[in-house]
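Here's the structure, in structure tokens; my notes come after.
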Amino acid sequence: MKPLKRRTRRTLLVAHVSVSVGWLGLTVCLLTLGLTAFLTGDPATARAATRSMKIFGDWLVVPVAVAALVSGLVLSLGTPWGLARYRWVWAKFWLTMVTAGLSVFALRPGIDEAAERGTADIDLVVAPSVATATYLFVTAVSVLKPWGPTRRGRRLRVSARSGKAVDERSPSRTA
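Residue numbers (the working numbering): 523 to 697.
Here it is as structure tokens:
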């Protein structure tokens with residue numbers, strides 16, 4: 523992929539961070555509502571909490587997950603960070619893929635069932651708890667960038683220094 527221009531990259535970065543923070547906030551809301559529905563002794567409160575979860579699940583979970591995944595993918599492919607050049611980017615990608623899949627295929631159906639019953643079981647507390655912890659971890663990884671390059675990333679770096687380009691994104695010319 524062709525490198526993104528500065529303005530495009532910065533705009534996409536703001537969008538990605540905003541959507542990702544929104545996803546974290548969404549899971550905190552779902553966790554709060556799940557805890558409320560699970561712990562309350564009032565059936566009306568439990569029903570209101572599960573119905574609220576359903577609204578969030580129906581309207582926000584999929585678009586926010588897809589937006590975070592797509593914006594992160596485009597950013598990684600359009601910047602020198604790459605998708606498979608650094609372990610921290612690779613870890614973020616796979617954690618986002620897994621959590622997006624679990625949100626769509628496990629969390630939403632669980633919310634739908636709970637909304638029909640009007641009560642929540644422990645699953646609607648555990649799933650948003652795990653999601654929140656995962657998104658906090660991914661946020662920390664984004665800020666700290668704790669791991670170095672992958673094998674591919676090291677190979678590209680050595681190739682660039684030696685003057686032999688391995689791919690079209692390398693700053694050096696091919697021999």
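Cβ atoms here follow ideal geometry from the backbone N, Cα and C, with glycine treated the same way.
Cβ pair residue i, residue j closer than 8 Å
i, j, result
"V611", "L534", "no"
"T567", "R607", "no"
"A590", "T618", "yes"
"L557", "F578", "no"
"S601", "L526", "For the record, residue 601 in the displayed sequence is Thr; it is not Ser. Yes, they are a contact pair."
"L629", "V583", "yes"
"A613", "V663", "yes"
"K576", "A537", "no"
Beta-ladder partner(s) of residue i, from DSSP
i, result
"P701", "Because the chain spans 523 through 697 in this model, residue 701 falls outside it and cannot be assessed."
"Y657", "None, per the DSSP bridge assignment."
"P671", "Y608"
Nearest candidate by alpha-carbon position, reference residue i, set the options
i, options, result
"T554", "S593, F627, T572", "T572"
"R531", "L629, V586, V665, S593", "S593"
"R569", "R639, R674, R676, R609", "R639"
"V539", "G632, P668, R674, V660", "V660"
"D634", "D580, R528, R529", "D580"
With 16 other Cβ atoms within 10 Å as the buried cut-off, status of residue i
i, result
"F560", "buried"
"M725", "In this structure the chain extends from 523 to 697, so residue 725 is not present and cannot be described."
"I644", "exposed"
"G604", "buried"
"T696", "Reliability of the predicted coordinates at T696 is poor, the pLDDT of 39 falling under 50, and the value obtained from them is presented with this limitation in mind. The residue is exposed, with fewer than 16 neighbouring Cβ atoms inside 10 Å."
"S542", "buried"
"V680", "exposed"
"L678", "buried"
"A684", "Ala is not the amino acid found at residue 684; the sequence shown has Ser there. Answer is exposed; the Cβ neighbour count stays below 16."
Practice item. Take every Cβ of the segment 635-655, pair it with every Cβ of the segment 540-550, and state whether three or more of those distances are shorter than 8 Å. Key: Segments in contact, yes.
Exercise for review: Answer yes if the segment 558-567 comes into contact with the segment 613-626, meaning at least three C-beta pairs across the two stretches below 8 Å, and no otherwise.
Suggested key: By the criterion of at least three beta-carbon pairs nearer than 8 Å, the segment 613-626 is not in contact with the segment 558-567.
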